[in-house]
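Trainee: So the protein sequences, as listed, match chains A and B. Counting in the numbering used here, the first sequence runs from 18 upward without gaps. Counting in the numbering used here, the second sequence runs from 18 upward without gaps. Handing you a structure now.
Protein chains: 2
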Amino acid sequence: MTKKLSIRDIAGELNISKTTVSLILNGKAKENRISDVLIERVVNHVERRDYKPNQLAKSLSTGKTMIIGLMVEKISDYFFAQVAYHIEELAYQNGYKIIYCSTDNDAHKTRELINLFRERHVDGYIITPPAGIEQDIQALIDDGLPVVLFDRYFEEVNSSYVILDNYKASFDAVMYLINSGHENIAFVELDSDQSQMLDRRKGYLDALAVKGLKPLLLKIPFSSTMDQKAARLVNFIRNNNQPEAIFFATNYLAFSGIKALNQLNLNIPGDVAIVAFDDHQVFDIYAPTITAVAQPISELASQSIRILLDMLDPKKNAQFPQKIVVQSAFIVRDSTKK
Amino acid sequence: MTKKLSIRDIAGELNISKTTVSLILNGKAKENRISDVLIERVVNHVERRDYKPNQLAKSLSTGKTMIIGLMVEKISDYFFAQVAYHIEELAYQNGYKIIYCSTDNDAHKTRELINLFRERHVDGYIITPPAGIEQDIQALIDDGLPVVLFDRYFEEVNSSYVILDNYKASFDAVMYLINSGHENIAFVELDSDQSQMLDRRKGYLDALAVKGLKPLLLKIPFSSTMDQKAARLVNFIRNNNQPEAIFFATNYLAFSGIKALNQLNLNIPGDVAIVAFDDHQVFDIYAPTITAVAQPISELASQSIRILLDMLDPKKNAQFPQKIVVQSAFIVRDSTKK
DNA sequence: CTGAAAGCGCTTACAG
DNA sequence: CTGAAAGCGCTTACAG
Chain A
18 MTKKLSIRDI AGELNISKTT VSLILNGKAK ENRISDVLIE RVVNHVERRD YKPNQLAKSL
78 STGKTMIIGL MVEKISDYFF AQVAYHIEEL AYQNGYKIIY CSTDNDAHKT RELINLFRER
138 HVDGYIITPP AGIEQDIQAL IDDGLPVVLF DRYFEEVNSS YVILDNYKAS FDAVMYLINS
198 GHENIAFVEL DSDQSQMLDR RKGYLDALAV KGLKPLLLKI PFSSTMDQKA ARLVNFIRNN
258 NQPEAIFFAT NYLAFSGIKA LNQLNLNIPG DVAIVAFDDH QVFDIYAPTI TAVAQPISEL
318 ASQSIRILLD MLDPKKNAQF PQKIVVQSAF IVRDSTKK
Chain B
18 MTKKLSIRDI AGELNISKTT VSLILNGKAK ENRISDVLIE RVVNHVERRD YKPNQLAKSL
78 STGKTMIIGL MVEKISDYFF AQVAYHIEEL AYQNGYKIIY CSTDNDAHKT RELINLFRER
138 HVDGYIITPP AGIEQDIQAL IDDGLPVVLF DRYFEEVNSS YVILDNYKAS FDAVMYLINS
198 GHENIAFVEL DSDQSQMLDR RKGYLDALAV KGLKPLLLKI PFSSTMDQKA ARLVNFIRNN
258 NQPEAIFFAT NYLAFSGIKA LNQLNLNIPG DVAIVAFDDH QVFDIYAPTI TAVAQPISEL
318 ASQSIRILLD MLDPKKNAQF PQKIVVQSAF IVRDSTKK
């Protein structure tokens, strides 16, 4: 392993000072009135020698790491994986790297991860926060660190965030079911009081209320397995006179629901119509295809990273916090055909 | 934002030197015969003041970043997302963080990413290499950097790797189809000469050869969309006298295949039996459920990170390169029921 | 236009 | 047992 080149080597080879090299490399040559000839000589030489400044040393003296911490609920979940993929793209395009991790929706784990990221001096944070992490987010903001919440937010924390208009998406989806002639419509959700769930539930309840229909809710623990979820659903469907339609608050809940319906030998949509919140590649392939509320993934991703980059760039002079609410698309497929 | 505590502050507050604090914090107190009393005083004080050493400064002087670079084909792909999730877990447990990125199977992009990681001084690399990146991998190894290839490897590069026994998995899957009475068995693969594809193809061809059956292959470009893939498959099935069974070399190819079969109104498994390489959550839910070759994801992940950690820890004194070949499980479901 | 020098916050060989 | 000092490789205010 050949010794890595340092700025001192470059300066030495050129018989000039490190300062001059550094200024040129950081685009501050003009404002220091360094001659074009010298600039070119340095740039050429750096290129020829393939010199790359040590980012660690750079970070230590500037205080910037050019790293963004991305904390999603679970990176192996299709929705979050897609979002992460887009955010990564955009971050790299802007010279930032991503360090990511999964919170597993666990406040304790998330707290430790935030501390790790702080120790690493990441420049900014994009977080899908679990319940119970409010104070840590507030502390980040109080310390002047750029934070964008994503997918959900906290009423009591005045932060930037990017979320879906969950209420409207849910309301519209249920209205569609009602207008298709269904009356006995169940809502299957996670056992969680996070903002996105609350809004989805509220949309469901309000839509039913418009027509004076009776709600029927099932809450399922986030951390249960697919089979446990399916088992709960089997019971739920049996014990509740087999609803005409079921609205699932997430796509993996919908998968469990499909499994349950198969176990009960119920036909979709003949016996039970279903709608999933969050689209999935497979919904378009399943027989029948599954009607879904689609989140605009690339928009969610690009808004989040855009806000963060704006925060990171004082020249932008943007106002914060920015609270972005994005609209979903309702994709009608066969699982709701009468 | 309160000024961050530094080791000099701690030393000052305790009226001792930075050296002593540093040695104690790095567990080198004993070998420097520092008194237990002092150790305790320092540890307590550090705790009380909640002092966290600046990792950047630490990295600059030690040359270690405690960061591992993880480059997968596409983080939003279910298989890679799962593997990444496990690797992340294990890395964090061992005090390492992960910086990840997707190669998109593109050598040019991957080359840039490797350079970025090098500039960042990541301590080690886990990579699913695209074709054409052989020399860059070799350069990494030549420079003494720990590298573990994953999912595929290069004949011509003598590196550590962790892969599936693709040949055997494929051979066995096709044998199962043959023994179930199928003769006209197609293989749908990616248009790629990477090791994992070659081995899967070879397994297929050899299994057919055993019984003297005629192969029927379709190659599909990696970068096509789901719909483009499905369209190709529709043509393929039509033009080839509708094979009795189709073996898909990846799970997303299988999804395209299912879509194609649905478009053709063909029944699974009545008209066409199917098997997918790489299991997927949804295969267990789809009606019919889909027979698949399951990769042992957590084993693949844990072996990869284990080798890398061994490389990173000279005390382990392990031998390298290590070449690990892991066995798959064949999960029979309804899509191959006669 | 350019360079010497201090500083970022650690680690560690060395001297006592 | 403990501390002063050099070094990791950058940046940047300051002086000329």
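A virtual CB, placed ideally from N, CA and C, is assigned to each residue, including glycine.
1. What do you get for residue 45 of chain A, buried or exposed, if any count of 16 or more other CB atoms within 10 angstroms of its CB means buried?
2. Residues of chain B with a CB under 7 Å from the CB of residue 279 of chain A: which are they?
3. Mind checking if residue 312 of chain B is an interface residue toward chain A, Cβ cutoff 8 Å exclusive?
4. Below 6 Å CB to CB, which residues in the same chain sit around residue 349 of chain B once its five sequence neighbours on both sides are set aside?
5. Rounded to whole angstroms, what's the CA-CA distance from residue 169 of chain B to residue 97 of chain B? Just pull it up for me.
6. Does DSSP put residue 74 of chain B in a helix, in a strand, or in coil?
7. Locate the alpha helix (DSSP H) running through residue 229 of chain B, then write down its first and last residues.
8. If we call anything under 8 Å between Cβ atoms a contact, is residue 164 of chain A one with residue 317 of chain A?
9. I'd like to know whether the C-beta atoms of residue 87 of chain A and residue 143 of chain A end up nearer to each other than 8 Å.
10. DSSP puts residue 365 of chain B in a beta bridge; with which residues?
11. Rounded to whole angstroms, what's the CA-CA distance from residue 272 of chain A to residue 255 of chain A? Just pull it up for me.
12. Which one of B:145, B:338, B:110 and B:111 has the shortest CA to CA distance from residue 126 of chain B?
13. Should residue 206 of chain A be labelled buried (16 or more other beta-carbon atoms within 10 Å of its own) or exposed?
14. My guess is that residue 347 of chain A and residue 221 of chain A are in contact by the Cβ rule of under 8 Å, so how many angstroms apart are they, rounded?
15. Going by Cα to Cα distance, which pick from B:139, B:277 and B:335 is closest to residue 77 of chain B?
16. Tell me which same chain residues have a C-beta within less than 6 Å of the C-beta of residue 261 of chain B, skipping the five on either side of it?
17. Can you give me the C-alpha to C-alpha distance between residue 188 of chain A and residue 118 of chain A, rounded to a whole angstrom?
18. Quick check: is the beta carbon of residue 114 of chain B nearer than 8 Å to any beta carbon in chain A?
19. Under 8 Å, Cβ to Cβ, is there at least one residue of chain B near residue 28 of chain A?
20. Could you work out which residue in A:314, A:148, A:29 and A:152 is closest to residue 343 of chain A when comparing CA atoms only?
21. Under 7 Å, CB to CB, which of the residues in the region 124-143 of chain A have a partner in chain B?
22. If you reduce the DSSP assignment to three classes, tell me which class residue 181 of chain A lands in.
23. Mind checking the region 152-171 of chain A against chain B and listing, in chain order, the residues whose C-beta falls within less than 9 Å of any C-beta there?
24. Between the region 283-294 of chain A and chain B, which residues of the former have CB atoms less than 7 Å from a CB of the latter, in chain order?
25. For residue 151 of chain B, does the three-state DSSP call read helix, strand or coil?
26. Are residue 270 of chain A and residue 237 of chain A closer than 8 Å when you measure CB to CB?
27. Report yes if the CB atom of residue 49 of chain A is closer than 8 Å to the CB atom of residue 42 of chain A, and no otherwise.
28. Ends of the alpha helix (DSSP H) at residue 266 of chain B?
29. Assuming residue 128 of chain A and residue 153 of chain A are in contact, meaning their beta carbons sit under 8 Å apart, how far apart are those beta carbons, in whole angstroms?
30. Using a beta-carbon distance below 8 Å, is residue 81 of chain B in contact with chain A?
31. When the cut-off is 8 Å and only beta carbons count, does residue 60 of chain A lie next to chain B?
32. CB residue 104 of chain A to CB residue 352 of chain A, shorter than 8 Å?
33. Compare the beta carbon distance of residue 116 of chain B and residue 84 of chain B with 8 Å and say whether it is the shorter of the two.
34. Going along chain B in order, which residues have a C-beta closer than 7 Å to the C-beta of residue 276 of chain A?
35. Restricting to Cα atoms, I'd like to know which of B:81, B:182, B:63 and B:173 is closest to residue 137 of chain B.
36. Sorted by chain position, which residues of the same chain lie with C-beta nearer than 8 Å to residue 251 of chain B's C-beta, five sequence neighbours on each side aside?
Mentor: Concretely, from the data shown:
1. The C-beta of residue 45 of chain A has fewer than 16 other C-beta atoms within 10 Å across all chains shown, which makes the residue exposed.
2. Near residue 279 of chain A (Cβ distances below 7 Å), the residues of chain B are 304.
3. It does not: the Cβ of residue 312 of chain B has no partner Cβ on chain A nearer than 8 Å.
4. Excluding sequence neighbours, residue 349 of chain B sits near 308.
5. Straight through space, the alpha carbons of residue 97 of chain B and residue 169 of chain B are spaced by roughly 13 Å.
6. In this structure, residue 74 of chain B counts as helix in the three-state DSSP scheme.
7. Under the DSSP assignment, residue 229 of chain B falls outside any alpha helix (DSSP H); it carries neither an H nor an E label.
8. In this structure, residue 317 of chain A does not lie closer than 8 Å to residue 164 of chain A by Cβ.
9. Contact flag set, yes.
10. The displayed coordinates of chain B run from 18 to 355. Any statement about residue 365 of chain B would go beyond what the structure contains.
11. Roughly 18 Å between the two C-alpha positions.
12. Selected option, being the one with the closest Cα: B:145.
13. Classification for residue 206 of chain A: buried.
14. The pair is not a contact, with the Cβ atoms about 14 Å apart (cut-off 8 Å).
15. Sorting B:139, B:277 and B:335 by C-alpha distance to the C-alpha of residue 77 of chain B places B:139 at the top.
16. Same-chain partners within the cutoff: 199 and 201.
17. Approximately 32 Å between the Cα atoms of the pair.
18. At least one chain A Cβ lies under 8 Å of residue 114 of chain B.
19. No - not a single Cβ of chain B is within 8 Å of the one on residue 28 of chain A.
20. The residue with the shortest Cα to Cα distance from residue 343 of chain A is A:314.
21. Answer set for the region 124-143 of chain A: 133, 136, 137 and 138.
22. The answer is strand: DSSP assigns residue 181 of chain A an E or B state.
23. From the region 152-171 of chain A, only 159, 160, 161 and 162 have a Cβ closer than 9 Å to chain B.
24. Near chain B, meaning a CB-to-CB distance below 7 Å, no residue of the region 283-294 of chain A qualifies.
25. Helix at residue 151 of chain B.
26. In this structure, residue 270 of chain A places its C-beta atom within 8 Å of the C-beta atom of residue 237 of chain A.
27. No.
28. Premise fails: residue 266 of chain B is in no alpha helix (DSSP H) and is neither H nor E.
29. That pair is a contact at about 6 Å.
30. No - not a single Cβ of chain A is within 8 Å of the one on residue 81 of chain B.
31. No - not a single Cβ of chain B is within 8 Å of the one on residue 60 of chain A.
32. Against a cut-off of 8 Å, the Cβ pair of residue 352 of chain A and residue 104 of chain A comes out as no contact.
33. Residue 84 of chain B sits close to residue 116 of chain B, with the two beta carbons spaced by under 8 Å.
34. Correct list: 302.
35. Of B:81, B:182, B:63 and B:173, the residue nearest in Cα terms is B:81.
36. Residues of the same chain with a CB within less than 8 Å of the CB of residue 251 of chain B, apart from the 5 flanking positions on each side, are 277, 280 and 281 in chain order.
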